[in-house]
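As structure tokens, the structure follows; a few thoughts come after it.
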Amino acid sequence: MPEVQPKRYKVINGMIVASVVAVMLAYLIPFYWICSTAFKSRLDAATVPPTVFFRPTVTPFVKLVTKRAQRRNVVTPRQYEGAKWYEKLVYDEGERIITRSEYLNRFANSIIIASLSTLLALGLGTLTAYGFSRFKVPGEKDWLFFILSTRMLPPVVVAIPIFLMYRKLGIYDTHAGMILLYTALNLSLSVWLMKGFIDDVPAEYEEAAMVDGYTRFQAFWKIVLPQLRTGMAATAVFCFITAWNEYALALMLTSQKAQTAVPFIPSQIGSGLTDWSTIAAGTFVFLLPVVFLTYFLRNHLIKGVTFGAIRK
Amino acid sequence: MSSDAGSVPLVRRGLSDLAIRNLFVIATILFLVLFNVFPLFYSLFLSFADYSATGTKAPVWVGLKNYRDILNDPDIWKTFSLTGRYVLITVTGQVVVGFGMALMLNRPFRGKGLVTTLLLLPMMMSMAVVGLFWRLLWDTKLGIINYLVGLKGFVWLSSPDWALIAIAITDIWMWSPFVMLLGLAGLSAIPQHLYEAASIDRASVWFIFRRITLPLVAPLLLIAIIFRTMEAFKTFDLVYNMTGGGTNTELVSIKLYNLAFMQWNTGKSCALAYILLIMVIAISNIYIKYLNKAKER
């Protein structure tokens, strides 16, 4: 940095600190707001102007996993005493629980579809990346370009013919359909990232192993794969997050049985007054895994978002 | 690399290298052809046909009629100009804010790792969910934004003038950190001795920024700009969850969705999809070219 007069330097420094604080606030407030709304009672969430201080409650989470109806009759003290803690919370807001909500199923769908598609994309992607990394493939650049270009397709454009195709095959709104689709979605990322990681492993290792009598496949399996552990973990997390977050395709290609959590959360907004605290609770639960995974990924982020082209 | 030279025995056990290569590479390519190329050919065919996915009639060949209808529809030009405006606002905003953040954070300080990770969180989140919870933040009565900036009762998402701006600000919030990430990577790669030389020459801060910092970060910033342009052009999740495409926010992806899955005008929607596709291919070609350049550096 250039030498600046101390006074001017102080002013500039102060401005920088102030803008860093301003930016941090701009990023923290929305997070704080979604977290805090998830712990507000319905009354607190609907206060004008918005409340910053309130008594936290887990009622939104209870409401998230239940279907409820307006309570007609007054709850007798006896009934209230005999009720379970979560029933009491719902009684307090003038409702009663009918049954479990769909949220848990949708959440499970998200986990199943994202995990299995990640496994498939990672497995297939690693093999393909190995093929591209170690052997001469005619038109290699063009093929890699083709693989990457599938990632750039707007989801709505792909969804129309896939919808017709899936309907014909009878896999519209099925787990299998979504898993295959997300595998295709993530393959490009998986191939590109894994190719970068495999390129970093010296080919001499396998050659040496093959001299010792390993087959090519054994050399790949026993020598190369163990060295790719970090790379594969990072790639898997990227694929998982992509599948976990995907919205447009899920919206257009599922309706109930295989619907994931993302299209489900907004669909809770009914007509009339929106129950923001329940939606915030759903969002909170949904975002939590992403927060942890992002922290785990923090050193690989730049690789992931540029398909491995830029490494730090 | 698959040389049979030296001590490697000529007759290998197991699959040959060629077989392994073909097996590994062709599997993925087949998969992608099945899930991306084949459907696109199918929709290319449908774009020349009069067809509704909910109807009972088979597709009827109508030639270029769908394309003609779309390009003659005045609404579509409004959609495209809206999309263009959206791309311009969001990408400019992201570059200014994101590069600004990169400049501020490009120095060692306590808690830097934590701050950067926190800033990078939004872009790892689902755009649909971000849109949904920003809808609460922009809410006229319950929204914290109106409360913080002191605009009591200001209407954002239901206003034809402000809805697009509100969505763009949300987009900028979410993706500025992406520009920041690439900006930081570029800044940290600038050799320190350039700055030292400049300071010996008593160069001004502005001169250093313009002549050293900017040109050296430019290639990475360009990648960020092209990538964000492409994504902004395709924006669907965010808008769909904030306004549903109402109040002057019907971007081209939303228009396409409505045409295909609301009006079930499958033939016409495939034609619009192809127009969109050609535009995206054009942008992504530029993008991949620059990615390759960055890789070779």
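Chains Z and H, in that order, give the protein sequences.
Per the numbering used here, numbering of the first sequence is gapless, rising by one per residue and ending at 1514.
Per the numbering used here, numbering of the second sequence is gapless, rising by one per residue and ending at 389.
Note that beta-carbon positions come from the ideal geometry of N, C-alpha and C, so glycine has one too.
All figures in this text were calculated on a predicted structure; none of them were measured in a lab.
Out of curiosity, what's the CA-to-CA distance linking Z/W1235 and Z/A1247?
10 Å
Residues in the same chain with beta-carbon distance under 8 Å from Z/L1173, minus the five sequence neighbours each way, listed in chain order, please.
The question about residue 1173 of chain Z has no answer, for chain Z in this structure spans 1203 to 1514.
Determine whether the beta carbon atoms of Z/D1375 and Z/S1457 lie at a separation below 7 Å.
yes
Have a look at the DSSP bridge pairing and note the partners of H/V152.
H/D142
Which word fits H/M93, buried or exposed, when buried means at least 16 other C-beta atoms lie within 10 angstroms of its C-beta?
The predicted position of H/M93 is uncertain, since its pLDDT is 44 and thus under 50; no value can be drawn from it.
Closest Cβ-Cβ distance between Z/L1329 and chain H: below 7 Å?
yes
So H/I315 and Z/T1508 are supposed to be a Cβ contact under 8 Å. How far apart are they, rounded?
7 Å
Whole-angstrom C-beta distance between Z/I1349 and Z/V1515, which should lie under 8 Å
Shown here, chain Z extends from 1203 to 1514; a query on residue 1515 of chain Z therefore has no answer.
Local conformation of Z/K1269 per DSSP, three classes
strand
From this set, H/V152, H/F130, H/L276, H/S108, which residue's C-alpha is nearest H/F140's C-alpha?
H/V152
In this structure, how does DSSP classify Z/R1298 when only helix, strand and coil are distinguished?
strand
Does H/L273 come out as helix, strand or coil in the three-state DSSP assignment?
helix
Could you give the first and the last residue of the continuous alpha helix (DSSP H) run that contains H/M216?
Where H/M216 is concerned, there is no enclosing alpha helix (DSSP H), given that its DSSP letter is neither H nor E.
Below 7 Å CB to CB, which residues in the same chain sit around Z/C1237 once its five sequence neighbours on both sides are set aside?
F1486
Okay, do the segment 212-219 of chain H and the segment 1491-1498 of chain Z touch, 3+ Cβ pairs below 8 Å being the bar?
yes
Any chain H beta carbon closer than 7 Å to Z/G1506
no
Where in the segment 112-139 of chain H do unbroken runs of the alpha helix (DSSP H), each at least 4 residues long, occur, reported from the N-terminal end onward?
130-138
Determine the chain Z residues that contact H/I181 at a beta-carbon separation under 8 Å, and present them in chain order.
Going along chain Z, no residue has its Cβ under 8 Å from H/I181, so there is no contact; the nearest lies around 17 Å.
Can you give the Cα-Cα distance for Z/F1498 and Z/G1433, rounded to whole angstroms?
12 Å
Using a 10 Å radius around the Cβ and a threshold of 16 neighbouring Cβ atoms, would you call H/I378 buried or exposed?
exposed
With 16 other CB atoms within 10 Å as the buried threshold, where does Z/H1502 fall?
buried
For H/P101 and Z/C1441, I'd like the C-alpha separation in whole angstroms.
At H/P101 the pLDDT is 47, less than 50, meaning the model places this residue with poor confidence and gives no usable figure here.
Which of the three DSSP states is assigned to H/F353 in this structure?
helix
Cβ pair H/W230, H/I236 closer than 7 Å:
no
Of all Cβ atoms in chain H, is any one closer than 7 Å to the Cβ of Z/P1279?
no
Can you tell which of Z/R1280, Z/V1360, Z/D1401, Z/A1310 has the C-alpha that lies nearest to the C-alpha of Z/S1335?
Z/D1401
Measure from the C-beta of Z/A1452 to each C-beta in chain H and report whether the shortest distance is under 7 Å.
no
Backbone CA spacing between Z/F1268 and H/I112 [nearest angstrom]:
Reading off the sequence shown, one finds Thr at residue 1268 of chain Z, where the question assumed Phe. So the two alpha carbons sit approximately 52 Å from each other.
Could you give the distance in angstroms between the alpha-carbon of H/S95 and the alpha-carbon of Z/K1338?
In this predicted model, H/S95 has a pLDDT of only 45, less than 50, meaning its place in the structure is not dependable enough to derive any value.
Alpha carbons only, please: which of Z/F1255, Z/V1254, Z/R1270 is nearest the one belonging to Z/T1261?
Z/R1270
Do we get a CB-CB distance below 7 Å when we pair H/I367 with the residues of chain Z?
no
Could you tell me whether the Cβ atoms of Z/Y1449 and H/D263 are closer together than 7 Å?
no
Enumerate in chain order the residues of its own chain whose CB-to-CB distance from Z/A1410 is below 7 Å, with the five nearest sequence positions on each side excluded.
none
Cα-Cα separation, Z/A1435 to H/V189
32 Å
How should H/G205 be labelled, buried or exposed, when 16 other C-beta atoms within 10 angstroms of its C-beta is the threshold for buried?
exposed
If we count the other Cβ atoms within 10 Å of its Cβ and call it buried at 16 or more, is Z/M1203 buried or exposed?
Below a pLDDT of 50, predicted positions are generally treated as unreliable, and Z/M1203, at 49, falls in that range; the measurement from the model is reported next regardless. Z/M1203 should be labelled exposed.
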